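Participant: Below is a structure I'd like to ask you about.
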Amino acid sequence: IDCLTGEYKIIRSDLLIDAGDSLSPDIDVGQTEGAFVMGLGWLLTEKFHYDTETGQTLTNRTWNYKPPLAKDIPEDFRVTFLQNRPNPHGVLRTKTLGESPLVLAFSVLFALRHAITSARMDAGNNEWFRMDAPLTLEDIQRLWPLKTSIYRQALKNPSPQNLGYRILTTR
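With the sequence shown counted from 1, adding 12 to any position gets you my numbering.
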């Protein structure tokens with residue numbers, strides 16, 4: 013995460029999914045990846061804005077509505093299915109896949125919160141902060157209160173830590 017620009021990169025995601033006895037593992041992988049990326053959009057990029065007078069949606073095109081793009085997908089995306097977990101009551105012992113990967117996208121939101129908290133602590137701000145979803149690039153910038161003196165010092169001694177970069181791995 014780059015707290016100055018709000019940009020982040022998801023380096024790797026590992027999903028462990030219980031699909032029962034999968035009828036088509038390739039299709040199930042696609043469904044899982046699609047639901048996870050849909051969750052990333054829901055939590056990180058797809059912010060809706062409305063006109064306060066009319067209620068009309070202002071985010072009605074990709075210029076101001078940001079669906080997930082290729083750069084938002086984890087660079088290393090691993091999906092693993094639990095083995096020997098049939099569903100005795102399901103169609104041909106299968107299980108549904110849509111909701112669980114979508115909810116697993118919260119792990120990225122919480123990893124970003126952890127990185128922002130770390131950057132704020134480095135800047136001398138230990139106060140609790142509210143972080144709503146979707147967490148856009150502008151929200152990340154807003155959550156890291158940039159002090160001019162810290163920024164000037166970082167420019168004199170440029171390093172990833174001094175410029176607000178955080179690399180966070182969660183397991």
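Where is the CB? At the ideal position from N, CA and C, for every residue including glycine. Remember, it's a predicted structure, so these values are computed and weren't measured experimentally.
Please report whether the beta-carbon of Gln68 lies at a distance below 8 Å from any beta-carbon of chain D.
Facilitator: Going by chain labels, chain D is absent from the structure shown, which holds only one protein chain.
Participant: With which residues is Phe93 paired in a DSSP beta bridge?
Facilitator: Ile29
Participant: Let me check understanding here. Comparing Cα to Cα, which of Ile22, Glu111, Thr17, Val41 lies closest to Pro80?
Facilitator: Ile22
Participant: Whose C-alpha, out of Pro113, Ala82, His61, Thr66, is nearest the C-alpha of Asn72?
Facilitator: His61
Participant: With a CB to CB cut of under 6 Å and the five nearest residues on each side skipped, what residues in its chain are close to Thr160?
Facilitator: For Thr160, the predicted structure reports a pLDDT of 49, less than 50, and the residue's modelled location is therefore unreliable. A value from the coordinates is still provided. Around Thr160, the same chain offers no residue with a beta carbon nearer than 6 Å, after the five sequence neighbours per side are excluded.
Participant: Taking the Cβ atom as the reference point for each residue, do Pro98 and Leu27 lie within a distance shorter than 8 Å?
Facilitator: no
Participant: What would DSSP say about Thr160, mapped onto helix, strand or coil?
Facilitator: Annotation note: pLDDT 49 at Thr160 (below 50); position unreliable, no value reported.
Participant: Go ahead and pull the three-state DSSP assignment for Thr69.
Facilitator: Here Thr69 carries a strand assignment [DSSP, helix/strand/coil].
Participant: Going by alpha carbons, who is nearest to Gly46 out of Thr64, Val91, Glu65?
Facilitator: Val91
Participant: Please classify Ile13: is it buried, with 16 or more other beta-carbons within 10 angstroms of its beta-carbon, or exposed?
Facilitator: buried
Participant: What's the gap between the Cα of Glu19 and the Cα of Leu55?
Facilitator: 15 Å
Participant: Output the boundary residues of the alpha helix (DSSP H) element that contains Leu155.
Facilitator: 149-155
Participant: Does the Cβ of Thr17 have 16 or more other Cβ atoms within 10 Å, making it buried, or fewer, making it exposed?
Facilitator: exposed
Participant: Leaving out the 5 sequence neighbours to the left and right, which residues in its chain are closer than 6 Å to Ile29 when beta-carbon positions are compared?
Facilitator: Thr44, Phe93
Participant: The alpha helix (DSSP H) that contains Phe122, what's its start and end?
Facilitator: 118-134
Participant: In or out: Asp38 buried (at least 16 other Cβ within 10 Å) or exposed?
Facilitator: exposed
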